[in-house]
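If you read the protein sequences in the order shown, they are chains A and B. First residue of the first sequence: 361, per my numbering; consecutive thereafter. First residue of the second sequence: 754, per my numbering; consecutive thereafter. One structure is given here, and the rest of the page talks about it.
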Amino acid sequence: MRRQPLRIGLLFSSTGPYSVVARSMLNGALLALAEHNASHPDCELEPVVVNPGGETGQYAVLATELLKSGIRHVVGCYTSSSRKEVIPAFEKHDALLWYPSHYEGFETSSQVIYTGAAPNQHILPLVEHMVGEGRRRAFCVGSNYIWAWENNRIMREAILSHEGQIVAERYLPVGEIDLARVVDEIIATRPGFIFNTLIGTSAYQFFRDLRAACTSRGIDQVSAFPVASCSLSEPELEEIGPDAVDGHLSSSVYFATVETPENRRFLSAYAQAFPAGPTVSADAEASYIAMKLLGRALVAAGTDAIETVKAAAATIELDAPQGPVLIDPDTMHAFLTPRIGRSTAEARFDVVKAASAPVRPDPYLVQSMPRFAAPARATNLRLVR
Amino acid sequence: MTEPRVLQNFSSFVGHLVASDLRAADSLKATLERLGASLVVVPVVDGRATLDVPALRDDRDLLFVDADLGQPLELGEIERPPQVPVIGLVGVEAPSRLKTLIQIGATAFLRKPVQGAAVYSALFIGINGFLRRRQLESRLEDHERRRRGRRLVIKAILDLMQRAGIDDDQAYAILRRESMKQRLSIEDYCATVARTGRDVAFAGGATGADGRDASLNQRNQRSRP
């Protein structure tokens, strides 16, 4: 007898300030789900898609509705604030969130499997790259929430350990597009590079405004004030527009230009399934990985009971578009391959550096963070009479 | 004095769990290992922990103490709280149990049953709270010692005023300068002067209001007992 399809929640803000990336994530998850159903007709999955519209408060409401309806596995969330909003609901209903985005670390919830990059897989390789280029003075600008706060703290620790300097740290509300003041400040302070943790529309406007301000002053922005991000992806490059799209650095475990047979197959299947876009992103690949792993873990476990599925997930090695991916059973984060990309005029990334093998996740930076925090401000000695 | 630096990486710390109900050990152990730390379960015999508390090291050890055990630690004759961070495990929220945690110097707590997600915060607040409190205790002790030494500072000022014919501000300035030269607090410097009977070397010292050099140690030598 054919079994009833197993319902899987998909929790993505396909509208709102970061909808471009979130729609690519939803597409990645839906593609993996369709591929799973095609190859496992005896373990069919049925997607139940909900859209919080980018409103943090809506995430917990919709997650609770999904879980109350009997769903035990949900793939979703993009921002860390939304993930932290829904975790209590997953604890209450003993369900599992498959979180498919890079994030700032310092979390290992027993109710979450993390398939995006941990900080040792994105921000630390970025710092190494910038320091290697001789750029040690960072201007940090970000959206005012945990992703930017924590990444800037890690940036400060790492750059100070290389005898660098944080020129300034500025935060703007999510969705803010009035960026003239911060752009002027950047040009006035002349940092070695800009560390960008703005998300969504704020980020796109920032790239446009910075490029325009530099051009009007006769400054070559790419060489004078390169922008380095851990969240910039291809669909976002398209949003920035042709005048300001090139020359930006991004640290990511996946770019559409990664040369693997599985990536070629993934890109082709994605383009065929979603001709209207958005273009594939690192988080779309992480969502694809999450749904692939979930499907295979469900088949291996023979049940949707979360402890059994978690144990099964930690035994699977997936041939993902970025290369081999496996889950670390200690942290339930993924081994992933860090890369540095530079954006092109065609809204893609040239991979300028890549790790030779997947890197073990270290969400608490136990292996790389100094024992004591860096002082909030460097001590300035002043000659007194 | 600067604030103590915030400790944020707990790798190589050893947590010692003193508890009656060892269900807490599983979730604590799993989370501590993710943080690069480890857990040792301390046997509890007749309600007492078999643990040499004074031998614990503050740069490596921390204690998880189950408040439901009452006071299970051997603190020695002077009943000094452990000199390592203590994180309480709270089951029964009764004043008598919570008071025990205060007495043994707990700076953070975890509710039972222990949730892995709460452990990092408890460690962060507990260990840094301990470091901050210890620095404050050390500063207090230093201030107490210096307060006791003020008597000798007053004595040294009076002595110098009398010998050099200068006012108290000038005498204080000389003593302060000499103590700084010797990298001592002014209290310690004056205590040394009093103990050794040494003259204050005030050559080239403070200049009086009339421009007269207060350096009198050559013309106003006085033998001390």
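Cβ atoms here follow ideal geometry from the backbone N, Cα and C, with glycine treated the same way. In this text, all values refer to a predicted model and were calculated from it rather than measured experimentally.
With a threshold of 9 Å between beta-carbons, can residue i be considered close to chain A, or not?
i, result
"V837(B)", "no"
"L770(B)", "no"
"D882(B)", "The sequence given here has Gly at residue 882(B), not Asp. Not an interface residue."
"S764(B)", "yes"
"A870(B)", "yes"
"G789(B)", "yes"
"Q761(B)", "yes"
"T945(B)", "no"
"T784(B)", "yes"
"R885(B)", "no"
"R758(B)", "yes"
"V767(B)", "no"
Rounded to the nearest angstrom, what separates residue i and residue j at their Cα positions?
i, j, result
"G465(A)", "V534(A)", "20 Å"
"A909(B)", "E894(B)", "23 Å"
"P835(B)", "C943(B)", "35 Å"
"A449(A)", "T475(A)", "20 Å"
"N512(A)", "S384(A)", "26 Å"
"E645(A)", "E622(A)", "11 Å"
"C403(A)", "A518(A)", "46 Å"
"A694(A)", "V685(A)", "7 Å"
"E451(A)", "S470(A)", "8 Å"
"S849(B)", "A859(B)", "14 Å"
"E523(A)", "V798(B)", "52 Å"
"A707(A)", "S641(A)", "11 Å"
"Q935(B)", "Q727(A)", "43 Å"
"H896(B)", "T755(B)", "15 Å"
Can you check whether the C-beta of residue i is within less than 9 Å of a C-beta belonging to chain B?
i, result
"Y419(A)", "no"
"A423(A)", "no"
"R745(A)", "Interpretation of R745(A) is limited by its pLDDT of 49, a score under 50 that renders its predicted location unreliable; the figure taken from the coordinates is listed afterwards. So no, R745(A) is outside the interface."
"Y474(A)", "no"
"V613(A)", "no"
"L484(A)", "no"
"V534(A)", "no"
"F732(A)", "yes"
"Y724(A)", "yes"
"I579(A)", "no"
"E667(A)", "no"
"S470(A)", "yes"
"M490(A)", "no"
"I546(A)", "no"
"Q727(A)", "yes"
"I519(A)", "no"
"T691(A)", "yes"
Below 8 Å on the Cβ atoms is my contact criterion, and I expect residue i with residue j to pass it. Report the Cβ-Cβ distance as a whole number of Å.
i, j, result
"T416(A)", "S442(A)", "6 Å"
"I506(A)", "S440(A)", "5 Å"
"M692(A)", "I473(A)", "5 Å"
"L884(B)", "L788(B)", "Contact doesn't hold; Cβ gap of about 17 Å is too wide."
"P602(A)", "A671(A)", "That belief does not hold up - the Cβ atoms of P602(A) and A671(A) are roughly 49 Å apart, past 8 Å."
"Q888(B)", "P757(B)", "5 Å"
"F615(A)", "G701(A)", "5 Å"
Is the CB-CB distance between residue i and residue j below 9 Å?
i, j, result
"G552(A)", "G607(A)", "no"
"A861(B)", "G882(B)", "yes"
"S503(A)", "S461(A)", "no"
"H396(A)", "G655(A)", "yes"
"V818(B)", "G841(B)", "yes"
"G376(A)", "G414(A)", "yes"
"R530(A)", "V613(A)", "no"
"I559(A)", "F585(A)", "no"
"L520(A)", "V501(A)", "no"
"R899(B)", "E940(B)", "yes"
"V867(B)", "S780(B)", "yes"
Once the 5 residues before and after residue i are set aside, which same chain residues still bring their CB inside 8 Å of it?
i, result
"L386(A)", "L370, F372, S374, V409, S647"
"A875(B)", "I840, A861, F862, L863"
Output needed for residue i: all residues of its chain with C-beta closer than 7 Å, excluding positions within five of it in sequence on either side, in chain order.
i, result
"M729(B)", "Because chain B is modelled from 754 through 978, residue 729(B) falls outside the range shown and cannot be assessed."
"K782(B)", "L792"
"G683(A)", "T620, T697, P718"
"V380(A)", "P595, E596, E599, P638"
"T853(B)", "A820, G823, Q824"
"E445(A)", "T416, Y419, A420"
"D679(A)", "E622"
"Q481(A)", "V613, L696, P698, V719, P721"
Among residues of its own chain, excluding the 5 on either side of residue i, which ones have a beta-carbon nearer than 6 Å to its beta-carbon?
i, result
"T784(B)", "G869, V872"
"Q418(A)", "P412"
"A631(A)", "none"
"L905(B)", "C943, A944, A947"
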